[in-house]
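Quick note on numbering: the UniProt record's numbering labels position 159 of the sequence shown as 159, and the sequence is numbered without any gaps.
For each residue, glycine too, the CB sits at the ideal point set by N, CA and C.
On a predicted model such as this, the values are computed, not experimentally measured, just so you know.
Below you'll find the structure, written out as structure tokens, and then a few comments.
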Amino acid sequence: MPQSPNTMNGMITDALVMRQFGDRLHLERVRVNGPGENEVLVEMVATGICHTDLICISGRLPFPTPTILGHEGAAIIRAVGKNFTSSCSPGDQVLLTFDSCGYCTSCESNHAAYCHSFNIRNAPSNVGSDGETHLYTATSDSSPIWGKFFGQSSFARHAVVSPRSIVNLTVNCGLILAREELQQLAPLGCGVQTGYGAVVNSLHVTSGSSLAVFGAGTVGLSAVLAARKAHVATIIVVDMIEERLEIAKELGATHVLLGSRTDLVQEIKAITVTTQGVQFAIDATGVVLVIETMMQSLGTMGKAVSIGMPPPKAELKIDINVCISRGQSYLGCVEGDSVPDKLIPHLVMECLAGQFPLDKMVTSYKAADCNQAIADMRSGQAVKPILLW
Ligand SMILES: [Zn+2]
Ligand SMILES: [Zn+2]
């Protein structure tokens with residue numbers, strides 16, 4: 001059993017540690033120190049695995065090791081730093097999301113996903129808010145381990161998190177959920193709000209319009225659900241995996257197309273003849289060729305958004321004359337440009353009311369089986385694995 005968490009001297013807990021790129025995650029005993037006065041200690045009930053975690057494991061981003069990843073935590077607060085006792089209490093049920101400063105011009109205008117210090121705050125750190133204490137150390141040799149990925153590093157049974165990474169369901173929704181209900185909600189903190197938010201906050205889709213979604217993982221499928229809710233009339237989903245297209249149909253796609261087709265652009269334009277192509281489009285794949293296909297599928301005044309991350313320094317070819325003469329636009333979007341304290345509680349209520357069938361995407365694994373979960377996600381067998389603590 002874990003030690004008492006109310007101490008800066010630390011407690012021993014379990015974490016999935018990435019020792020080196022490309023390697024398996026290792027379930028290890030680690031010491032977690034905190035919470036400091038600007039931090040909160042939580043006990044995880046579940047953590048979703050997101051594509052960004054896989055990108056980090058593969059070594060595609062410059063990154064320190066050893067590190068604890070994970071940024072879709074569902075948790076219960078166990079101890080609160082003295083600066084946050086008014087907004088959080090031990091026992092509160094929370095979902096964890098990205099971190100932001102709360103005071104830059106982006107944060108002040110409700111666009112925290114574009115926080116000026118987003119990269120620093122969401123990259124791993126190895127010191128606590130006092131700037132000195134190592135957040136996590138190995139119990140074997142006391143060597144430091146990097147944590148606070150996305151303000152949380154939720155691939156751990158206990159984590160010291162940033163207060164702005166916390167969406168407090170007990171306070172915001174007045175809910176007391178069964179443990180199983182809270183576990184299922186873990187993916188709302190990144191993948192779901194990213195796809196859902198891109199549709200409502202970035203594209204501002206309109207009733208009766210058309211939308212093409214490239215990539216039917218959690219992000220793309222959440223975009224489908226948001227589009228259905230907004231009464232988008234034509235929802236076209238493109239993916240390489242037939243089973244995912246079946247799920248997309250169940251969730252509200254009106255047309256599904258296999259990504260291996262060579263006539264994708266013509267096919268999408270044939271479905272959306274009246275607007276000479278699709279009015280809204282989302283790329284959740286990050287594959288440059290797919291993004292170019294998306295741009296070619298756009299109709300008059302079409303609006304496209306990229307949410308899938310391509311490799312660093314990827315460039316896109318756009319026919320500028322087409323873009324100008326047809327009034328088209330191309331946007332980027334992080335984390336659905338959402339205000340987590342507003343969007344996530346809204347999504348929680350939708351899920352509980354049966355309006356947002358997360359169960360069609362989620363597959364549960366024991367935390368100790370994380371490497372199987374990652375393999376199943378990579379092979380396409382699992383859309384959204386969640387690890388249970
Ligand atoms: Zn900010
Ligand atoms: Zn993510």
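Distance, residue j Cα to residue i Cα
i      : j      : result
Met377 : Pro385 : 7 Å
Gly277 : Phe63  : 40 Å
His255 : Ile176 : 39 Å
His231 : Leu135 : 46 Å
Ile49  : Leu387 : 8 Å
Ala373 : Glu180 : 19 Å
Leu352 : Ser325 : 45 Å
Thr206 : Ile268 : 19 Å
Met1   : His158 : No answer about Met1 holds up, because its pLDDT of 38 lies below 50 and its placement is not dependable.
Cys333 : His204 : 13 Å
Gln152 : Leu245 : 32 Å
Gly81  : Thr363 : 34 Å
Asp92  : Lys342 : 17 Å
Leu16  : Gly302 : 43 Å
Ile241 : Ser86  : 47 Å
Ile120 : Val339 : 19 Å
Thr170 : Phe84  : 15 Å
Ile236 : Ser260 : 15 Å
Ala314 : Ser129 : 35 Å
Pro5   : Cys88  : The predicted model places Pro5 with a pLDDT of 43, which falls under 50 and marks its position as unreliable; any figure quoted below should be read in that light. Their backbone Cα atoms lie some 15 Å apart in a straight line.
Glu368 : Thr47  : Here residue 368 is Ala; the residue named in the question, Glu, does not match the sequence. Whole-angstrom Cα-Cα distance: 12 Å.
Phe280 : Pro124 : 35 Å
C-beta contact flag for residue i and residue j at 8 Å
i      : j      : result
Asp14  : Ala186 : no
Val30  : Ala138 : yes
Met18  : Thr67  : yes
Asp337 : Ser202 : yes
Ser209 : Ala233 : yes
Thr293 : Leu257 : no
Asn33  : Thr105 : no
Pro312 : Val160 : no
Ser306 : Ile291 : yes
Leu27  : Gln184 : no
7 Å Cβ shell around residue i - same chain, five flanking residues per side excluded
i      : result
Phe150 : His71, Phe98, Asp99, Asn122 and Ser165
Tyr330 : Met295, Ala304 and Ile318
Leu61  : Ile55
Thr272 : Ser210, Thr234, Val278 and Gly299
Leu225 : Tyr196, Leu251, Gly252 and Phe356
Thr275 : Ser210, Gly299 and Thr300
Gln3   : Confidence is the limiting factor: at Gln3 the pLDDT is only 41, short of 50, which leaves the residue's position unreliable, though a coordinate-based value still follows. Result list for Gln3: Met11 and Ile12, in chain order.
Lys360 : Ile247, Glu250 and Leu251
Pro90  : Ile77, Arg78, Ala79 and Val80
Own chain partners of residue i with C-beta closer than 6 Å, once the 5 adjacent residues on each side are dropped
i      : result
His51  : none
Ala112 : Ser100
Pro345 : Asn172 and Cys173
Asn110 : Val339
Cβ-based neighbour list, residue i, same chain, cut-off 8 Å, excluding 5 preceding and 5 following
i           : result
Asn371      : Arg24 and Leu25
Ala223      : Gly195, Tyr196, Ala198, Val199, Leu211, Val213, Ile282 and Ala284
Glu243      : Gly380
Val287      : Gly308 and Pro310
residue 390 : The displayed coordinates of the chain run from 1 to 389. Any statement about residue 390 would go beyond what the structure contains.
Counting only runs of 4+ residues fully inside the segment 32-63, write out the alpha helix (DSSP H) ranges in chain order. Assignment of alpha helix (DSSP H) within the segment 32-63, counting only whole runs of 4 or more residues, yields 51-58 in chain order.
Please specify which runs of the alpha helix (DSSP H), each continuous and at least 4 residues long, are wholly inside the segment 154-199, giving them in chain order. 169-172, 179-184 and 191-197
Report yes or no: do the segment 151-165 and the segment 94-109 share at least 3 C-beta pairs separated by less than 8 Å? yes
Cβ contact check for the segment 181-196 and the segment 204-224: 3 or more pairs under 8 Å: The segment 181-196, when compared against the segment 204-224, does touch it at the 8 Å Cβ threshold.
Any contact of the segment 34-53 with the segment 73-88, i.e. 3+ C-beta pairs under 8 Å? The segment 34-53 is in contact with the segment 73-88.
At which residue ranges does the segment 261-285 contain complete alpha helix (DSSP H) runs of 4 or more residues, listed in the order of the chain? 264-271
Contained beta strand (DSSP E) runs [length at least 3] in the segment 63-105, N- to C-terminal order: 73-80 and 93-96
Lining residues of ligand 4 - beta-carbon closer than 5 Å to any non-hydrogen atom, in sequence order: The model on display carries ligand 1 and ligand 2 but not ligand 4.
Entirely within the segment 218-243 and at least 3 residues each: give me those beta strand (DSSP E) ranges in chain order. For the segment 218-243, whole beta strand (DSSP E) runs of length 3 or above, ordered along the chain, are 234-239.
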